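Numbering of the sequence shown is given in my numbering, commencing with residue 168 and proceeding in unit increments.
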Amino acid sequence: MRAIVVGAGIVGVTTAYELASQGHEVTVFERRAAVAAEGSFANAGVLAPGYVTPWAAPGMSAKVLRQMLGRHAAVRFDGLSALAQLPWMLRWRLACRPRVYAANRGAMVRLARFSQERLLELTRRLALDYEQQPGYLVLLRGARELHAAERTTRLLAELGVAHELVDAERCRRLEPGLNARAPLAGAIHLAQDGVGNCRQFAHLIKAEAQRLGASFRFDSDVLAIEPGRPAALRTADGQHHRADAVVVCAGVHANRLLAPLGLALPLAPVYGYSITAPLAQRDDQPCTGPRAALMDERFKVAISRLGQRVRVAGSAEIGGSAERLNPAPLATLYKVLEDWFPGAAVVHEAQQWKG
Numbered sequence: 168m169r170a171i172v173v174g175a176g177i178v179g180v181t182t183a184y185e186l187a188s189q190g191h192e193v194t195v196f197e198r199r200a201a202v203a204a205e206g207s208f209a210n211a212g213v214l215a216p217g218y219v220t221p222w223a224a225p226g227m228s229a230k231v232l233r234q235m236l237g238r239h240a241a242v243r244f245d246g247l248s249a250l251a252q253l254p255w256m257l258r259w260r261l262a263c264r265p266r267v268y269a270a271n272r273g274a275m276v277r278l279a280r281f282s283q284e285r286l287l288e289l290t291r292r293l294a295l296d297y298e299q300q301p302g303y304l305v306l307l308r309g310a311r312e313l314h315a316a317e318r319t320t321r322l323l324a325e326l327g328v329a330h331e332l333v334d335a336e337r338c339r340r341l342e343p344g345l346n347a348r349a350p351l352a353g354a355i356h357l358a359q360d361g362v363g364n365c366r367q368f369a370h371l372i373k374a375e376a377q378r379l380g381a382s383f384r385f386d387s388d389v390l391a392i393e394p395g396r397p398a399a400l401r402t403a404d405g406q407h408h409r410a411d412a413v414v415v416c417a418g419v420h421a422n423r424l425l426a427p428l429g430l431a432l433p434l435a436p437v438y439g440y441s442i443t444a445p446l447a448q449r450d451d452q453p454c455t456g457p458r459a460a461l462m463d464e465r466f467k468v469a470i471s472r473l474g475q476r477v478r479v480a481g482s483a484e485i486g487g488s489a490e491r492l493n494p495a496p497l498a499t500l501y502k503v504l505e506d507w508f509p510g511a512a513v514v515h516e517a518q519q520w521k522g
């Protein structure tokens, strides 16, 4: 079968690999100049199928409204452009109902477990190195987070997720670099979760897909999908490309291609932020950065170790664009890093990203 994949983010690249490994003739079209150039470029890198959960959760809409005017809000609305997403936000609000949330979380956990199993199998079989490290700590700053964590751990137990609620002393044994002065009530420890470099993994899988015969066409923007047997893609250079199957892995841009075909997906752009900085190396003391992956539950900010770098990622910004960096969520990332690992990173060399 001739298959075309639209988009070379992490989903598109892995889709191309799986199709090629099954013997199909695969071509990937990507509008950027490389794989993993947008949402897969500098995300948190957290591999946490055990802690996966929908943002549409009971009480979340009220929590967002309480926080939205705060300096360190986890969810932000970027001006009038966010108003265009009102229909999507209404659907999100309806999905916060307990029964819908429970069904969605169960489905997400099953999908995440399958994804983890496949990731581990590929990592082992192909001997892949993408700066992966095991271990994930969800840090609980105070009594409020600890109380909420007790409910969370009950749900994790119901879903069969291996976890442990640990005290502050155990946290600091697991992550010795944690600031000894920072308030810490405890953490949820998920030993089977961890961290990895998404972009690096995408480049490795691209090479494996090419070895199996897949081809990649970069700087090639797909303008339209023309249905038929076979289907055809029209690209910005005016060419038509035919295939027996088309897999659209274009993220939020998928609607531009699918809406003319009568497919209206409930997708809206929600942007995240990250900073990536070298870990400070001092002769007088060992590196004080993280060992693996952590999440500050209060601020919904992840801190990950990627080789000799630390990445801090968080925020969910509705509206705006990937090109416009808002200083407020970046300030939150720097704050959380300094709270937990003061002086551990060379912050003046940090790479700031939004996607």
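Yeah, the Cβ is synthetic: ideal placement off N, Cα and C, and Gly gets one too. Quick caveat: nothing in here was measured; it's all calculated off a predicted structure.
Between A187 and A374, the gap from beta carbon to beta carbon reaches 8 Å or more. Relative to A412, the option among H515, P394 and R348 whose CA is nearest is P394. R423 counts as exposed, since fewer than 16 other C-beta atoms from the protein chains shown sit within 10 angstroms of its C-beta.
In the three-state reduction of the DSSP assignment, A315 falls in the helix class. Taking C-beta atoms as the reference points, V389 and L371 fail to come closer than 8 Å. According to DSSP, K521 shares a beta bridge with Y440. DSSP places G273 in the uninterrupted alpha helix (DSSP H) bounded by P265 to L293. Ranked by Cα distance from H408, the first of N493, P343 and V193 is V193. In the structure shown, Q359 adopts extended strand secondary structure according to DSSP, grouped into three states.
For M227, the uninterrupted alpha helix (DSSP H) segment begins and ends at M227 to Q234.
For L492, there is no enclosing alpha helix (DSSP H), since its DSSP letter is neither H nor E.
Each residue's CA atom was taken as its position, placing G212 and P427 some 34 Å apart. With distances taken between CA atoms, P433 lies nearest to L257 out of V231, M275 and L257. In this structure, the alpha-carbon of A517 lies about 27 Å from that of R198. Membership of Y297 in any beta strand (DSSP E) is not indicated, and neither H nor E is assigned to it by DSSP. Cα atoms of E505 and T455: separation of roughly 12 Å, rounded to the nearest angstrom. A straight-line Cα-Cα distance of about 28 Å links Y440 and L332. When A398, A274, A417 and C365 are compared, the shortest CA-CA separation from S387 is found for A417.
Cβ-Cβ separation between S471 and R478: approximately 5 Å, consistent with a contact (criterion under 8 Å). Inclusion of E342 and R238 in the CB contact set at 8 Å is not warranted, their separation being larger than that value. Counting along the chain, V479 sits inside the beta strand (DSSP E) bounded by residues R476 to I485. With a contact defined as Cβ atoms closer than 8 Å, K502 and A241 miss out at about 13 Å. Cβ-Cβ distances below 7 Å link G344 to T455, G456, P457, F508 and A511 in the same chain, with the five nearest sequence neighbours on each side left out; the list follows chain order. In the structure shown, E375 adopts helical secondary structure according to DSSP, grouped into three states. Of the candidates R233, Q475, K521 and R339, the residue whose Cα lies closest to the Cα of G363 is Q475. By DSSP's assignment, P445 forms a beta bridge with R476. Secondary structure note for L425: its alpha helix (DSSP H) is the uninterrupted segment A421 to L425. Under the three-state reduction of DSSP, T499 is assigned to helix. The alpha-carbon of A209 is positioned some 14 Å away from that of L500. For G353, the secondary structure class from DSSP, reduced to helix, strand or coil, is strand. Per DSSP, the unbroken beta strand (DSSP E) holding E393 starts and ends at V389 to E393.
Taken through DSSP and simplified to helix, strand or coil, E197 comes out as coil. In the structure shown, A249 falls within a helical segment according to DSSP collapsed to helix, strand and coil.
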